[in-house]
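K.L.:
One structure follows; several queries about it will come next.
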């Protein structure tokens with residue numbers, strides 16, 4: 822049996838008891854607090870100004886390794902003339 826994760830109230834978890842008979846299980850009891858933020862803050866408010874930019878480029882660097890590293894170094898150190 823592959824590893825599975827169940828989450829819910831005890832009564833909801835008990836529904837899976839027949840298929841778990843004889844299996845090793847791990848039980849973690851969660852706090853009663855809601856998983857939602859208590860102060861109403863949204864995820865985008867929490868992450869504001871903390872998320873950097875993401876660039877998706879071809880992942881196969883075998884043909885352009887030098888160019889890719891030059892671009893990374895030029896951007897990191899802002900050296901004029903590199904990677905341009």
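In the numbering used here, the protein residues as written are 822 to 905. Glycine residues also receive a C-beta, built at the ideal position from the N, C-alpha and C atoms. Everything numeric in this text was worked out from a predicted model, so none of it was measured.
Since residue 896 is in the alpha helix (DSSP H), which residue starts that stretch and which ends it?
P.N.:
Here the alpha helix (DSSP H) through residue 896 covers 886-898.
K.L.:
Straight-line CA distance for residue 842 to residue 862?
P.N.:
Roughly 42 Å between the two C-alpha positions.
K.L.:
To the nearest angstrom, how far is the alpha carbon of residue 825 from that of residue 864?
P.N.:
When rounded, the distance between both Cα atoms is 27 Å.
K.L.:
With residue 866 as the anchor, note down where its alpha helix (DSSP H) starts and where it stops.
P.N.:
Its alpha helix (DSSP H) spans residues 864-868.
K.L.:
In this structure, how does DSSP classify residue 848 when only helix, strand and coil are distinguished?
P.N.:
Residue 848 falls in the coil class under three-state DSSP.
K.L.:
Which of the three DSSP states, helix, strand or coil, is assigned to residue 823?
P.N.:
In this structure, residue 823 counts as coil in the three-state DSSP scheme.
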